[in-house]
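At position 196 of the sequence shown (counting the first as 1) the number is 195 in numbering that gives the first Met the number 0, and the numbers step up by one without a gap. One structure below.
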Amino acid sequence: MNARFVTLVLLLFVWLEGDSVWAQYLPKLYQVFSPDKKLKMAIQRHNDGLLTYTFAANREILIKESPLGFKLESQETVPSSGWKIEKVSDRKVRDEWKPLWGKRAVVEDHFNELVIDLVNPAGQPERMQLVVRGYNDGFAFCYKIPDGKGPCVNVQSELTAYNFAGDYTAWFYNGENHNIGPEKLTETDGTRLPVMTVKAGDKHYMAIHEACLETGAPLVLQSKGGESLFSVASKPTSLSPGYTSAWRVVLYGTTPGVLTDSHLLELLNPDPDSRYDFSWVKPGLAVWDWRINGAVWDGFTYGMSYPSWVRMVDFAAEQGFKYLVLDANWYGPEFESDSDPVKGEKAQDVQRLLKYGKEKGVGIWLYLNDVGGRKYPIEKTLKQYGDWGAAGVKYGFMSGTQEEKNRWTKKITELCAQNHLLVDFHDGPVHPYGQMRTWPNAVTREYCHAQLDGHHVFEPKTFVTTVFVNMVAGPIDMNNGMFDLRQGHTTRVDESQPVPSTLVSEAARTLIAFSGVTILPDIPEYYRKYPALLNFLSAQKMPWKESRTLAGEIGEYIVMMRETEDAYLVGAATNESGRTIDLPLSFLEKGKYTVEVIEDGDDAHYLTNRESLKVTTRQLTNNDKLTLKLAPGGGACLVIKKTPSMRVGEQAAFPLVSPSGKIGRK
């Protein structure tokens, strides 16, 4: 009888029967369970020395036997038949992480870990560790070459792959375009970029990404047409003592919202360096000068200049928004090599503005292009911004390979931390991989299709796909919240056509999109024109105490709840189809609440009637259910005020499984 068949039979028996005496007949099988025992990663060492793994959720195999390790330029495989398992150790961690800011105030850090130490008596590298961790919302593994003596050995390829157990459906990050997908796994032919979000039937969702990328090229996936196997196409240049790979991560949830709500990527990154104090990092909302340029209101024409900046600062202070972001050209044409990022044409006005903003309690962000960032000493430039009192840096159009971009991103992030500057990377940035834990000043990235660019491909479905794909990687800057949605062209200088959305959806998107700085693109007058929606924006007081995706489906719709110190805020958004959502309020504590509901008007439509809305106020409890009607391309916004009887610091009781909305199409 085939030995592998016998192994598979025994594997199945152990899986069905749990830990039993039969496990002794599988000495080459190592298992890691999630703390709740619902997820399992099994590592198999074969007679030829190769390592493979499988992943199962709720006793269903989702990733079947898949390879681990590396292939060297010498054509040797790491590990292979000459390698020996020296020892196997495990541990359980039941801890918590309290981020300065994030999706919630307290993050459960519970995992089971297995470390397999391998030795190679006859070659190089001499040793390698495979470290595997199982969490309740996924698993992760990484490769380590322990410190010690030994040469570098060049790598031809990383062998890690994901051999999915079925022809599932997937979506992928696609730069500043609508995401790739939905496509069947067997339809993919070529390379794809993470996050790769996978729907495996109606009960299983996965997301493939990486965490804690220290060295090497950022993750790229590859598949051959007709297969359900995806391999890692990126690789390190070499393996040498002290090398640690990025964590290869498979996030898991029974709903796609579990992926969106996870902090697993951050948990796989280290705490901040003890040399740095990040207590100055404050998340919040910001206004922006780029999209207002050319807007006209009551005889005043907005521009990217001091008079407009002062009006924006005054508005931000009035509403409790923390920041104003200055975009390109304040120090000269951004792509001109002689545009000095410290002494440029509006530098004196910017210094005046920084002082004015400080008086008003509004921090000022400064744009910096890669041209100026590389021609002029970056250390001196960022120190000068810090000395001026700037709040942050928006860094754009980084050049180089993805590996070079990652190194430069890490350098800029650390320099910004040294000078008490927040940082936002734009224009094709390296994907987030959980670094906000180590560098809390890295508050957001344009790792998405920002909705104010390229309207020819931004549609309502773009948003409700991005939040289940790109946003799984970390905080994203999408520039939601445009309130000037008139038909036809406007007086704006950049992208004079309106966003295909409704007013209510625009407001809801600002809450749904997770970011350490939510950048609002419109002029004050359009926000003041809709006081209920402006109140919804002003109520977004970060950091969040709790966040939860209450319902949703990839490319269809999403309902997000975020809790502040004094309110629960809910935002809902849909694709091009109107729908009715029945929303249970079971995420609330017991008691009575005043709920302000802002919905699309009965005649609203994202193409023809964007500005129609209605506002109602109700008294409700956590036993009630709200029926929300979303127009095509529309949304809903809820402000739920806690009663005075709730004591400060009390936590809401949230269900382990989020309720699903009942969907009805027009």
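Glycine included, every Cβ here is placed at the ideal spot set by N, Cα and C.
Is it buried or exposed, residue i, if we count other Cβ atoms within 10 angstroms and call 16 or more buried?
{"i": "ASP476", "result": "buried"}
{"i": "LEU629", "result": "buried"}
{"i": "ASP565", "result": "exposed"}
{"i": "SER80", "result": "exposed"}
{"i": "GLU562", "result": "buried"}
{"i": "GLN23", "result": "Low per-residue confidence applies at GLN23: pLDDT is 40, beneath 50, and the placement is therefore not dependable, though the value from the model is reported in the following sentence. Answer is exposed; the Cβ neighbour count stays below 16."}
{"i": "TRP279", "result": "exposed"}
{"i": "THR616", "result": "exposed"}
{"i": "VAL8", "result": "Any answer about VAL8 is weak, because its pLDDT of 47 lies below 50 and its placement is not dependable; what the coordinates show is given next. Answer is exposed; the Cβ neighbour count stays below 16."}
{"i": "GLY225", "result": "exposed"}
{"i": "HIS488", "result": "exposed"}
{"i": "PRO78", "result": "buried"}
{"i": "PHE299", "result": "exposed"}
{"i": "PRO235", "result": "buried"}
{"i": "VAL429", "result": "buried"}
{"i": "ASN46", "result": "exposed"}
{"i": "ASN135", "result": "buried"}
For the beta strand (DSSP E) containing residue i, list its first residue and its last residue.
{"i": "ILE553", "result": "That residue, ILE553, is in no beta strand (DSSP E); it is neither H nor E in DSSP."}
{"i": "GLU95", "result": "83 to 96"}
{"i": "VAL131", "result": "126 to 134"}
{"i": "GLU175", "result": "Where GLU175 is concerned, there is no enclosing beta strand (DSSP E), given that its DSSP letter is neither H nor E."}
Return helix, strand or coil for residue i, following the three-state DSSP convention.
{"i": "ALA199", "result": "strand"}
{"i": "ASN534", "result": "helix"}
{"i": "LEU258", "result": "helix"}
{"i": "ASP166", "result": "coil"}
{"i": "GLU588", "result": "coil"}
{"i": "ILE144", "result": "coil"}
{"i": "CYS636", "result": "strand"}
{"i": "GLY372", "result": "helix"}
{"i": "GLU666", "result": "Only positions 0 to 665 of the chain appear in this structure, which leaves residue 666 out of reach."}
{"i": "VAL422", "result": "strand"}
{"i": "SER576", "result": "coil"}
{"i": "THR400", "result": "coil"}
{"i": "PRO306", "result": "helix"}
{"i": "VAL471", "result": "helix"}
{"i": "SER546", "result": "strand"}
{"i": "TRP21", "result": "Residue confidence for TRP21 is low, a pLDDT of 43 falling below 50, so the modelled location carries little weight and cannot support an answer."}
{"i": "LYS281", "result": "coil"}
{"i": "VAL456", "result": "coil"}
{"i": "ASP313", "result": "helix"}
{"i": "PRO26", "result": "Here the model assigns PRO26 a pLDDT of 47, short of 50, so the residue's position is not dependable, and the following value carries that caveat. Note: PRO26 maps to coil in three-state DSSP."}
{"i": "TRP289", "result": "coil"}
{"i": "GLU107", "result": "strand"}
{"i": "ASN405", "result": "helix"}
{"i": "GLU683", "result": "Absent from the structure is residue 683, since the part of the chain shown begins at 0 and ends at 665."}
{"i": "ARG508", "result": "helix"}
{"i": "GLN618", "result": "strand"}
{"i": "GLN434", "result": "coil"}
Under 8 Å between the Cβ atoms of residue i and residue j?
{"i": "VAL248", "j": "GLY101", "result": "no"}
{"i": "VAL684", "j": "PRO474", "result": "Because the chain here runs from 0 to 665, residue 684 falls outside it and cannot be looked at."}
{"i": "TYR446", "j": "ASN418", "result": "no"}
{"i": "GLU610", "j": "LEU637", "result": "no"}
{"i": "LEU264", "j": "LYS321", "result": "no"}
{"i": "PRO499", "j": "LEU606", "result": "yes"}
{"i": "ALA160", "j": "LEU228", "result": "yes"}
{"i": "MET311", "j": "VAL286", "result": "yes"}
{"i": "ALA571", "j": "GLY634", "result": "yes"}
{"i": "PRO294", "j": "TYR301", "result": "The residue asked about is misnamed: residue 294 is Ala in this sequence, not Pro. Yes, they are a contact pair."}
{"i": "LEU420", "j": "GLY391", "result": "yes"}
{"i": "PHE277", "j": "LEU61", "result": "no"}
{"i": "MET195", "j": "PHE171", "result": "yes"}
Ends of the alpha helix (DSSP H) at residue i?
{"i": "ILE377", "result": "377 to 387"}
{"i": "PRO459", "result": "459 to 465"}
{"i": "LYS359", "result": "346 to 359"}
{"i": "GLU265", "result": "263 to 266"}
{"i": "THR187", "result": "THR187 -> no alpha helix (DSSP H), and no H or E assigned at all."}
{"i": "GLU524", "result": "523 to 527"}
The segment 556 to 569 / the segment 176 to 188 touching (three or more Cβ pairs under 8 Å) = no
contact_flag[the segment 214 to 224, the segment 395 to 415] where n(CB pairs < 8 Å) is 3 or more | yes
The segment 458 to 467 touching the segment 588 to 602, judged by at least three CB pairs closer than 8 Å | no
Between the segment 477 to 497 and the segment 538 to 551, do at least 3 Cβ pairs fall closer than 8 Å?
-> no
For the segment 324 to 343 against the segment 362 to 380, are there 3 or more C-beta pairs whose distance is under 8 Å?
-> yes
At least 3 beta-carbon pairs within less than 8 Å: the segment 110 to 128 vs the segment 141 to 150 | yes
Taking 8 Å as the threshold, find out whether the segment 97 to 112 comes into contact with the segment 54 to 61 through three or more Cβ pairs.
-> no
The segment 254 to 263 / the segment 83 to 95 touching (three or more Cβ pairs under 8 Å) | no
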